[in-house]
Amino acid sequence: MEAHRESSEPAPETAAAASAAAAASVLDDDDLLREILLHLDLPTALVRAAAVSRRWLRCASDPAFLRRFRARNPPRLLGFYVNTGEAQRLRFVPLARDPELAAVVRRGSFDLGEEAGSVRDFRNGRLLVFDDGKYVVRSPLHPERGTDNLREPPIPTEAYTILFYLIDFLFYESSDNSVACTSVIVMCTERQAWVHLSDLQGGVWSEGRYSGMIDIPAQGSLRGCEHHALLANGKLYMLCLPHHIIGFDLPSTSSFCIELPDGVQYEFLETIGLSCAKGSGFFLIHLKGLQMSVWLHRVDHSSIGTWKLIDTIFLPQAFAHLVELTWDSLPDIIRVAAVGDNADFVLLRIQYKLFYMHISSRTVEEVYEANQAHGFLYGVYPFMMPWPPTFPVLSGGNDHDR
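Count the sequence shown with the UniProt record's numbering and you get residues 1 to 402, in order.
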């Protein structure tokens with residue numbers, strides 16, 4: 001009789017147990033789990049992963065991990081609002097290319113109504129809209145939150161007797177999703193500027209506080225800066241002089257003045273755009289003829305900081321595939337419509353058309369064309385994926401429970 005040879009293959013139940021043990025040894029290691037989660041490419045996928053268990057939620061929502069995730073996967077542009085024509089009605093133009101982000105947009109409610117005339121600010125999924133003579137806070141991705149009418153902040157009496165004043169708002173996150181913000185009222189005379197700050201908590205504006213005054217440099221005349229003011233990392237930057245930026249540190253209410261880099265001058269509207277930078281400082285986009293320059297300003301202890309030229313782009317080369325453009329006539333009509341955070345992208349307006357440029361890759365595409373009968377593009381307001389994500393609330397007796 002032929003002897004039976006012993007099989008070298010493990011029994012099926014033994015192989016399954018070994019596989020489960022190997023998987024558990026990986027998934028029970030928090031460091032390895034974070035590395036796996038880091039390779040998800042969208043915040044929506046991260047939120048779904050966090051719903052697996054309390055342990056996964058703890059790893060996914062850890063602040064240090066979120067900083068790494070954002071550095072690898074910065075918030076995406078979901079679309080933008082445009083304001084055209086005499087009616088000045090806002091219209092949303094979706095830009096999400098990824099199917100999952102497109103689904104996020106479809107689930108939202110982006111129609112702001114007939115009376116919404118301009119977006120005054122956007123912070124983490126919330127829009128501050130000037131609607132029928134009042135400020136209204138909308139959450140297009142969470143329409144169930146409804147709308148909040150923002151009471152007009154107290155305006156100092158001297159604001160009505162000076163050259164001009166500007167109202168801006170800095171939103172904060174609140175635990176109950178209510179509106180919490182600070183009103184920033186900038187007041188200017190011919191030679192001085194200062195700010196008045198007031199906090200909104202529980203629907204009530206606090207008593208205001210003033211910054212120190214800053215002397216305006218003598219070179220050049222003061223210009224309106226409503227569309228050239230940037231709130232970033234607790235500082236307000238205002239571009240309202242040909243060669244300088246006026247700044248205010250809001251926590252300390254101190255003021256400072258930054259000279260523009262060599263070769264950069266604020267000549268007229270939409271030749272310059274500002275955007276916040278990660279950590280501290282800000283980016284400046286400057287158009288001069290057919291060349292676009294990207295500058296980074298890093299803030300030091302004095303708030304004056306230093307400039308660094310990050311990139312220079314020759315626009316005819318970047319737009320080479322768009323053969324219908326006639327560059328001989330374009331230098332005087334190219335405009336900066338909007339700039340993304342960290343100078344990730346810029347929206348350029350050329351007459352009735354709007355072009356999206358991803359700056360580091362030089363990718364350019366036409367994303368909108370206004371009806372010429374309705375007038376020019378009066379305002380463009382990017383709408384980004386909110387950050388940080390809103391994670392689910394899980395209950396359970398141990399880390400592996402749902």
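Cβ atoms here follow ideal geometry from the backbone N, Cα and C, with glycine treated the same way.
Within its own chain, the residues whose Cβ lies closer than 8 angstroms to the Cβ of Gly247, once the five positions on either side in sequence are excluded, are Lys235, Leu236, Tyr237, Met238, Ser255, Phe256, Cys257, Ile258, Ser303, listed in chain order. A straight line joining the alpha-carbon of Ala51 with that of Cys59 spans about 11 angstroms. By DSSP's assignment, Gly79 forms a beta bridge with Pro94, Phe383.
For the pair of segments examined, the stretch 375-384 was found to touch the stretch 75-95: the number of CB pairs separated by less than 8 angstroms reaches three.
Counted as a single uninterrupted DSSP element, the stretch harbouring Ala343 is not any alpha helix (DSSP H), since DSSP gives it neither H nor E. According to the DSSP assignment, Glu35 belongs to the alpha helix (DSSP H) that extends over 30-38. Between the stretch 200-212 and the stretch 259-279 there are fewer than three C-beta pairs closer than 8 angstroms, too few to call the two in contact.
By the Cβ neighbour-count rule, Asn371 is exposed, with fewer than 16 other Cβ atoms within 10 Å of its own. For Phe319 and Phe345, the gap between their C-alpha atoms comes out near 15 angstroms. Rounded to the nearest whole angstrom, the CA to CA distance from Leu309 to Tyr160 is 40 angstroms. Distance between Leu250 and Pro154, taken at the CA atoms: about 17 angstroms. In the displayed model, Cys59 falls within a helix according to three-state DSSP. Fewer than three Cβ pairs drawn from the stretch 350-364 and the stretch 59-72 lie within less than 8 angstroms of each other, which leaves the two stretches out of contact. Within the same chain, Val47 come within 8 angstroms of Thr390 by CB-CB distance, once the 5 residues on both sides are set aside. Residue state for Gln317 is assigned as helix, using DSSP reduced to three classes.
Sorting Asp111, Asp168, Glu152, Asp132 by C-alpha distance to the C-alpha of Gly146 places Asp111 at the top. Glu100: not part of any beta strand (DSSP E); member of the alpha helix (DSSP H) spanning 99-107, first to last residue.
Taking each of Leu231, Asp215, Phe355 in turn and checking the Cα distance to Leu241, the smallest one comes out for Asp215. If you look at Thr161, you'll find it isn't in any alpha helix (DSSP H); DSSP assigns it neither H nor E. When DSSP reads this structure, Leu354 sits in a beta bridge with Arg349, Tyr368.
In terms of Cβ geometry, Val105 and Gly133 do not form a close pair [threshold 9 angstroms]. Membership of Thr182 in the beta strand (DSSP E) is indicated by the continuous run 180-188.
Comparing C-alpha distances from Val339 to each of Trp307, Ala229, Leu322 shows the shortest one belongs to Ala229.
For Phe283, the three-state secondary structure derived from DSSP is strand.
Glu259 is bridged by DSSP to His244. Phe130 carries a strand assignment under DSSP once its states are collapsed to helix, strand and coil.
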